[in-house]
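J.: Attaching a single structure in structure tokens format; questions to follow.
Numbering (the working numbering), first residue to last: 62 to 374.
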């Protein structure tokens, strides 16, 4: 499947401000990249003259096209090249037959894709991630060490009990369900799948009820199922560098003001430990976790635009 044949993103787009709508002349190109047998979908605004590339990561309730709509496309209008990756089991990426995807596969794939882009040319790369994609930008930067800046909508260290308690669907899922995923893997049932909306507070993904209805039936994003291996590895992932040692690049947190899933204090539990690089926080007025609201969308764009110019000059 390709996004030109998928309805859900188009329906979500109708709730965005008109200037964020794709047209015949303004829309991403769809590319494929092979990674270890996975046919990885890339949503791209290519521009060989662009001074900077921005690679976008979705979270556990979104996909690459949804990243292109709210940020990849707008940044392309500023002259940047943007690539939104559909991580395996999300979006329209085709998973290798028989593969059981773990969270570390997402990190390794992203690191390898950065290397792939740097082999093509030496333009600077900045990472952006929404939701779980925010922490993924950190994990990737800590391992790859070749990016100029990372931007996250959240930075959630799932190893912290408070983070799990507040982002899981309920306390039972946090204290019993997620640990049980690890036991399930140990007894050989790691390929068993669960809807991410069962494990997490997916109902808080978007504050617009009409958009949430679309998300809830989109199996390429919020209605996706994940394996016990993925849930377990996501909850215990050990970064290549702990925050106290992180010295790779500056960090920007774009925090939606009305985020009902991941409020600011959950990200600061992690970001406050980072002392070797600049950490900036920008608040997005009226924005939900996946923002479709103004002025949050424009504020996010403007903050990210300024950050990119600062870290790549």
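Glycine included, C-beta positions come from ideal geometry on N, C-alpha and C.
This one's a predicted model, so the numbers in the text were calculated from it and none came from an experiment.
Tell me whether residue 314 is buried or exposed, calling it buried when 16 or more other Cβ atoms sit within 10 Å of its Cβ.
T.: Classification of residue 314: buried, given that the 10 Å Cβ count is 16 or more.
J.: According to DSSP, is residue 306 part of a helix, a strand, or is it coil?
T.: Correct three-state label for residue 306: helix.
J.: For a quick check, are the C-beta atoms of residue 322 and residue 235 less than 9 angstroms apart?
T.: Not in contact: residue 322 and residue 235 (Cβ atoms no closer than 9 angstroms).
J.: By DSSP, does residue 229 sit in helix, in strand, or in coil?
T.: Three-state result, residue 229: strand.
J.: Going by other Cβ atoms of all chains shown within 10 Å of its Cβ, with 16 needed for buried, is residue 99 buried or exposed?
T.: Residue 99 comes out buried.
J.: Does the structure place the region 87–95 close enough to the region 246–256 that three or more beta carbon pairs sit under 8 angstroms?
T.: Segments in contact, no.
J.: For residue 271, which residues in the same chain have their Cβ closer than 7 angstroms to its Cβ, ignoring the five residues on either side in sequence?
T.: The answer, listed in chain order, is 76.
J.: The beta strand (DSSP E) with residue 104 in it runs from where to where?
T.: 99–106 is the span of the beta strand (DSSP E), which, as asked, contains residue 104.
J.: Identify every residue that forms a DSSP beta bridge with residue 115.
T.: Beta-bridge pairing links residue 115 to 143 and 187.
J.: Measure the beta-carbon distance from residue 216 to residue 134 and round it to whole angstroms, keeping in mind my assumption that it falls under 8 angstroms.
T.: Contact flag wrong, Cβ pair sits at about 24 angstroms.
J.: Which residue or residues does DSSP assign as beta-bridge partners of residue 211?
T.: Partner(s): 188 and 312.
J.: Determine the direct distance from the alpha carbon of residue 245 to that of residue 81, and round the result to whole angstroms.
T.: Each residue's alpha carbon lies about 43 angstroms from the other.
J.: For the beta strand (DSSP E) containing residue 95, name the first residue and the last one.
T.: That run of the beta strand (DSSP E) goes 90–96.
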